[in-house]
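As structure tokens, the structure follows; a few thoughts come after it.
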Amino acid sequence: MTELLAVSDLHDARFDALILVSASDGTGHAALDGAIARARALDLRVGREVTLIPASEVPGGRLIFAPTGPLDRDYDDVRRVADAASRGMLVARAAGAERPLLAVFGAARFPQAEASALLAALAALWEPLEAREVGRKQTVTRVGLVGAADTVRQVRALEHGRSLARDLCGTEPERMRPEAFAAEVVDAFADSKVAVRVIEDLDTLGYQYPLLTAVARASLSVERHRPRVISLEYVGEGPIERTLLIAGKGLTYDTGGSDVKVAGHMAGMSRDKGGAAAAAGLLRAISELAPPRVRVVAELGVLRNSTGPDAYVSDEIITSHAGVRVRIGNTDAEGRLVLADLLSHLRRAALDAVDPHLFSLATLTTHAHRAVGQYSIALDNGPARRRHVAQQLAELGEAWGDPFELSRLRHEDFAFIAARSAAEDVLSANTLPSALTARGHQYPAAFVTVASGLDKHGGDSDRPLPFTHIDLGGSATENGDWQFGRPTAAPVVALAQWAQRL
């Protein structure tokens, strides 16, 4: 990873460019303000868009002025600062800078402006794993921030996690097939504070994860495509006061199964592993941030939803790990089946855990993107809603540039997946795409709640378990473009901040 340094001097000779992110033309530094004013007299773009200004007053003689635009309107947020930093970093790299220094001015409204700017600048530098493996290396070797050392320490840990999440999510389906995904995760946590266990025995998977194995059934004849369940565990120092249990959906490729995706909709389905990728990235960040008194457990279901003569089909009835009889309504609604088995295991673990909270992370529905655009969606069950968990995530995401929209489960969502006969307990899906279904991102969360057995641990239970479902269908890739959009690693930053709160 690129070296990160915290510095206090805008003129530090260890750098060869200064990226100045500012909400105005004035910084209070006479030399900088003079250089900007002289440039603006010659070029009206200065202050309107990112511009490179020759300036002997700064490291390397390169001043990259990256204006944020207004920051004081009701709808402005810290991403205006982050976006300016991202654009500035790209200009600095294109200009040949290898060691740029980043400084943020005029963003006092946003307490995490410097951290968000640095995270965005680093995200702009990420290149796909496939590119790096053929020698297309990152040319920027050092990035500095004029700011606090603790900010850089946090960003370093977060970016290590986000980089892992981007690699896992964004890499093509053969390079990141299930066995390779598992190997990448094992390597990522070597010599870390996270314990890793990989389950690959098919008999064990079939017994312990029956819904997941059904989804993977058509892939079992291809050894490299066989499913894996990856368990991760971090235990902080001191007496544990809170436990996070996270299920991550990791479809390394989703053909739709027997209800095969058509009309070009299969392209981009190697990105359907964004939930598992984000969970792994979160644990990587947590392992470096090392919050005390917190235990974090994740189960990642990594598999392919393939087509073939042994593929599972609609109308099958399959009993989940929780003992719930599931009638398959559409084989392209496979992610919720994977989550149900993972959450059932985590539900059992939660019953013996200290102050547990369960999460599911998944690129689950197109409806999420249709409903809210490029935002993660958080839905609480009753016990989580009483603790305002989704609201807390939204507030942290707003502060750190990893935003959420909030949604809510309703009785209609549970009615939608109710059994249609005495043969089953729950219906997995209807026959329409989620984007064409009313409440198309809410009712899958209801299904996951029932099929995992979590409906027995709601607010009316004597053993309530807080559970928050997070749909990344719109946020896992930039602009919701699963085929060509860069993976965002959402919501690693917001969840890492939440995990550190006691």
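Per numbering that gives the first Met the number 0, the very first residue in the sequence shown carries number 0; after that it's consecutive. Glycine residues also receive a C-beta, built at the ideal position from the N, C-alpha and C atoms.
- Secondary structure of Asp202 (DSSP, three-state): helix.
- A contact is defined here as three or more CB-CB pairs under 8 angstroms, and the stretch 165-185 fails this definition with respect to the stretch 7-22.
- In the DSSP assignment, Phe483 falls outside any alpha helix (DSSP H) and carries neither an H nor an E.
- Taking the C-beta atoms as reference points, Glu56 is found nearer than 8 angstroms to Ala30.
- Buried is the label assigned to Ile35, since at least 16 other Cβ atoms lie within 10 Å of its Cβ.
- It is roughly 29 angstroms from the alpha-carbon of Asp459 to the alpha-carbon of Ala493.
- Taken through DSSP and simplified to helix, strand or coil, Thr476 comes out as strand.
- With 16 or more other Cβ atoms inside 10 Å of its own Cβ, Gly146 counts as buried.
- DSSP links Ser359 through a beta bridge to Ala246, His468.
- Minimum Cα-Cα distance from Met0 among the listed residues Gly46, Leu157, Arg108, Ala91 corresponds to Leu157.
- Counting only runs of 4+ residues, the alpha helix (DSSP H) found wholly inside the stretch 88-138 occupies 112-124, 128-132, in chain order.
- The DSSP-derived three-state label of Val261 is coil.
- Separation of Ser162 and Ala279 (C-alpha to C-alpha, rounded to the nearest whole angstrom) is 10 angstroms.
- Taking the Cα of Pro465 as reference, the smallest distance to any Cα among Gln496, Arg335, Arg346 is reached at Arg346.
- Residue Phe446 holds the alpha-carbon nearest to the alpha-carbon of Leu408 among Ser313, Phe446, His10.
- Distance from the CA atom of Arg294 to the CA atom of Thr26, rounded to whole angstroms, is 43 angstroms.
- Put simply, of Val195, Gly60, Gly169, Arg78 the residue whose alpha carbon is nearest the alpha carbon of Asp480 is Gly169.
- For Leu210, the three-state secondary structure derived from DSSP is helix.
- For Asp379, the enclosing beta strand (DSSP E) covers residues 375-379.
- The three-state reading of DSSP puts Val312 in coil, since its state is none of H, G, I, E or B.
- Look at Ile52 here: in three-state DSSP terms it is strand.
- In the same chain as Tyr311, and ignoring 5 residues on each side of it, the C-beta atoms closer than 8 angstroms to its own belong to Ala213, Val214, Arg216, Ala217, Gly256, Ser257, Ile317, Ile327, Thr330, in chain order.
- DSSP, reduced to helix, strand and coil, places Val195 within a strand of the structure shown.
- Under the three-state reduction of DSSP, Val491 is assigned to helix.
- When the beta-carbon positions are compared, Val301 and Arg223 stay at least 8 angstroms from each other.
- Under DSSP, Arg141 forms a beta bridge with Glu2.
- Selection Leu128, Arg438, Leu288, Leu453 evaluated against Glu411 yields Arg438 as nearest (Cα-Cα).
- Setting aside the 5 residues that flank it on each side, Arg485 is surrounded in the same chain by Glu477, each with a C-beta closer than 6 angstroms to its C-beta; the list follows chain order.
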